[in-house]
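Before any comments, here is the structure.
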Amino acid sequence: MGGRTRRGTRAEVVRSGGSYDPEDLIECARRMLLVRRFEERAAQAYTQARVGGYCHLNLGEEATVVGLTAALEPGDYLFTNYREHGYALGRGIPAGRIMAELYGRSTGVSKGWGGSMHMFDAQARLMGGYGIVGGQLPLATGAALAISYRGGAEVVMCQMGDGTTNIGAFHESLNIAALWDLPVVFAVVNNQLGMGTSVQESSAEPELHRRAAAYRINGVRVDGTDVLAVREAAREAVRLAREEHRPTLLETVSHRLRGHSVVDPARYRDPEEAARAATADPLPALRARLAADGALDDAGWEAMDAAVRQEVARAAEFAENSPHPAVETLFDHTYATPVPNSEPRLPADALFPQPL
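When you line the sequence shown up against the numbering used here, it's residues 799 to 1154, in that order.
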């Protein structure tokens, strides 16, 4: 690697335009509707105390979720942050298993022990949601290094929020990926609010894709409410990672329609900004686009929406009727292989089996 010419950076805004395949865009719309209705049902379940812990929703980010996941091949790896339900759906995991995980049931993606923030499915190559901000970046970079080391053809996509770009692991990971030409796409979902603080107030460079220039890798900014634009940019980033082992920093810009989590009333939000977010909702915009182009009329949209609602209702019923994990399974799957002297006792178990 020594002595090679460093590559330049590319920073641009990407939006879709021109002609498209109507059936393809309708399928994108169906997937976005599935994320929307699933998240709405998850919020309802949370208020009914069926979901415990923290719960962060993809409401407003559906175009980004569908566009990013559609760019991946089945063998590629996806690391996410804690706002991950839609990404699990995008990797093809059945809605029932995802809802069951939210309910803490043994049929869930992580056997009911992970909950909303910690979903993992090795078969789907969903390598976890991470509750610690930026916790996924070093692991995703390490996975890309493993692929490069063994000469694999897979790609790693590492999703994160805008707030993650201000932590040390972000810069360390991009630096290593650039130095070692790793097949990784760093996807920043910029919903313009790091919890309750705007990007402009927390980032000296609020156009986050420009940070790629520091590491001489590709930086692309895309309209995160345009599913075709996100998919197009993500596919190009994945191609560069797979074929040329060139990392990309991909920034998708959208709006979060609700608070940071289900319990956040978002009182810090300026009314005008909240109104802009509602106006930028990707689903009504896509519905209007399909109708204006004669691809899908109102009746067709309503029928598709009804079918999605039934799918989500079945998922909730599956979760409700699934069993809770047995207490004795608490320490199962802590390690991939047996570890000597690991602690198998439950908190209430006696230290010694018999009185001394």
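Where a beta carbon is used, it is the ideal one built from N, C-alpha and C, also for glycine.
Can you tell me where the alpha helix (DSSP H) holding T963 begins and where it ends?
First-last for T963: undefined, no H or E at that position.
Kindly identify the DSSP beta-bridge partner or partners of N1016.
T1046
At 3 residues or longer, and completely inside the segment 804-886: list those beta strand (DSSP E) runs for me, N to C.
875-879
Which residue comes first and which comes last in the beta strand (DSSP E) that contains F984?
For F984, the enclosing beta strand (DSSP E) covers residues 982-988.
Alpha carbons only, please: which of P981, R1056, P1045 is nearest the one belonging to E837?
R1056
Around the Cβ of E1070, are there at least 16 other Cβ atoms within 10 angstroms (buried) or fewer (exposed)?
exposed
Which residues bound the alpha helix (DSSP H) around G1102?
Looking at the sequence provided, one finds Met at residue 1102 rather than Gly. M1102 -> alpha helix (DSSP H) spans 1096-1118.
Does L972 come out as helix, strand or coil in the three-state DSSP assignment?
helix
Counting only the same chain and skipping the five closest in sequence on each side, list residues whose C-beta sits under 6 Å from that of R839.
Around R839, the same chain offers V1110, A1114 as residues with beta carbons nearer than 6 Å, after the five sequence neighbours per side are excluded.
If we ignore side chains and look at the alpha-carbon of each, how far apart do N973 and G933 end up?
16 Å
What would DSSP say about G927, mapped onto helix, strand or coil?
In this structure, G927 counts as strand in the three-state DSSP scheme.
Let me confirm a value: S817 is counted as buried when at least 16 other C-beta atoms fall within 10 Å, else exposed. Which label applies?
exposed
Can you check which of these residues, R1067, G966, L980, is closest to R1037 by C-alpha distance?
L980
Among G912, V1028, G1092, V907, the one whose alpha carbon lies nearest that of F1116
V907
Opposing strand residues paired with V954 [DSSP bridges]:
Answer is Y875, V982, bridged to V954.
Given a cut-off of 8 Å, decide if A1032 and I824 are closer than it, judged by their beta-carbon atoms.
no
So who's on the other strand from S996, going by DSSP bridges?
L991
Return the chain-ordered list of same chain residues with a C-beta closer than 7 Å to the C-beta of R835, the five sequence neighbours on each side being excluded.
V1106, R1107, V1110
Alpha helix (DSSP H) segment containing M915, residue limits:
Counted as a single uninterrupted DSSP element, the stretch harbouring M915 is not any alpha helix (DSSP H), since DSSP gives it neither H nor E.
Out of C826, D819, L832, L1128, state which residue places its alpha-carbon closest to the alpha-carbon of D1103.
L832
Identify which residue in G858, A1134, P872 has its Cα closest to the Cα of G774.
For the chain, the structure presents residues 799 to 1154; residue 774 sits outside this window and is missing.
Among A868, G913, A869, D919, which has the Cα closest to the Cα of P892?
D919
Rounded straight-line distance, which links the Cα of V1051 to that of A938:
22 Å
Do G1022 and T878 have their C-beta atoms closer together than 8 Å?
no
Rounded C-alpha distance that separates A898 from W1099
28 Å
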